[in-house]
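In this note's numbering, the protein residues as written are 56 to 370. Built from N, CA and C at the ideal position, the CB exists for glycine as well. As structure tokens, the structure follows; a few thoughts come after it.
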């Protein structure tokens, strides 16, 4: 099955899920809530998302340059944006294909790029967990989830920092069919991972990751305000949102579909919002925080020739 067909399948499943999500709610009340959205917030919301992408693009370039990889910024931007579309794969493993684009367009060995894609995920999770600390006093479940994720990150850091543990980890990873194509060469470029965790690069990459999640949390906050909700504080929304995203990440489902929406709607309901308000609120949040980026990523993926890849493409 071609990559394009896989995207169509994921998008169709998502549309069906959202339709079911709405049908199980009170459609009349939900439609009323949609009609009351304050449109003056839309321009701010639309601009905040690209601002967050710019932060991740800066981090991507920083990690590339740290490994002495230099390509034209506009090509780097397209490859980076394509990752948003590739994130619809389970566990976001599809983002490893960014290394394929770097090889075909710039003859950069995949083993030099795949560790960077891996370390990006580490920093993304790290930034998410640190930002989640902001609102742990407002949402008790968030406290357990955030500190649980920080524990996982500490363990991950140990794996990435130790050559012996790292090699054992990737030996086990070779049992996963899709990942095997990439991990074989990644074990030969472990030094790139270690260089990406040194003090200076660790500080700036972590700071950029935190900035990304703060901007995205602010985006969610403005969406909440656009629904005329003024009973939730920013820190409270941050904790609710971060907790839902972490649930989605650990589920390994494409973009955490179903898990993020369900948990987010439930958490908003627990905070006193009616389910007829929570459902459209969650759908709008997901459209602007994920599907907006996926749509731009699909365009970038087309530009870098990603749709011509087949499942049996060689790394």
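State the Cα-Cα distance for the pair residue i and residue j, rounded to the nearest angstrom.
i, j, result
"residue 277", "residue 342", "14 Å"
"residue 327", "residue 280", "15 Å"
"residue 207", "residue 321", "25 Å"
"residue 74", "residue 200", "29 Å"
"residue 356", "residue 285", "39 Å"
"residue 214", "residue 332", "43 Å"
"residue 353", "residue 323", "31 Å"
"residue 128", "residue 361", "19 Å"
"residue 203", "residue 187", "11 Å"
"residue 159", "residue 245", "22 Å"
"residue 289", "residue 298", "14 Å"
"residue 56", "residue 141", "Here residue 56 scores only 48 on pLDDT, less than 50, and its place in the model should not be relied on; the value that follows carries that caveat. So the two alpha carbons sit approximately 15 Å from each other."
"residue 151", "residue 194", "35 Å"
"residue 251", "residue 305", "23 Å"
"residue 311", "residue 339", "16 Å"
"residue 139", "residue 120", "21 Å"
"residue 270", "residue 104", "8 Å"
"residue 291", "residue 254", "32 Å"
"residue 115", "residue 260", "9 Å"
"residue 301", "residue 133", "27 Å"
"residue 358", "residue 130", "10 Å"
"residue 191", "residue 126", "41 Å"
"residue 211", "residue 94", "43 Å"
"residue 136", "residue 107", "12 Å"
"residue 177", "residue 336", "29 Å"
"residue 65", "residue 308", "11 Å"
"residue 345", "residue 89", "19 Å"
"residue 272", "residue 100", "11 Å"
"residue 334", "residue 317", "9 Å"
"residue 287", "residue 314", "22 Å"
"residue 163", "residue 157", "6 Å"
"residue 92", "residue 71", "24 Å"
"residue 218", "residue 262", "26 Å"
"residue 330", "residue 69", "20 Å"
"residue 221", "residue 350", "35 Å"
Between which two residues does the alpha helix (DSSP H) holding residue i run?
i, result
"residue 179", "165-187"
"residue 351", "347-358"
"residue 115", "97-121"
"residue 201", "195-216"
"residue 154", "152-161"
"residue 138", "128-141"
"residue 249", "245-250"
As a quick exercise: from the options, pick the residue whose alpha carbon is nearest that of residue i.
i, options, result
"residue 293", "162, 267, 310 and 136", "267"
"residue 154", "174, 173, 169 and 117", "169"
"residue 166", "178, 124 and 182", "124"
"residue 109", "319, 264 and 300", "264"
"residue 198", "313, 295, 334 and 97", "295"
"residue 118", "256, 130, 344 and 88", "256"
"residue 67", "209, 317, 143 and 192", "143"
"residue 319", "275, 210 and 309", "275"
"residue 87", "282, 347, 317 and 287", "282"
"residue 196", "325, 65, 91 and 334", "325"
"residue 249", "174, 344, 346 and 99", "174"
"residue 148", "92, 217, 161 and 172", "172"
"residue 182", "92, 258 and 161", "258"
"residue 179", "219, 112, 315 and 164", "112"
"residue 209", "102, 184 and 218", "184"
"residue 216", "247, 156 and 102", "247"
Jot down the residue ranges of each uninterrupted alpha helix (DSSP H) in the segment 255-335, minimum 4 residues, whole runs only, in chain order. For the alpha helix (DSSP H) assignment, the uninterrupted runs of no fewer than 4 residues enclosed by the segment 255-335 are, from N- to C-terminal side, 289-306 and 314-325.
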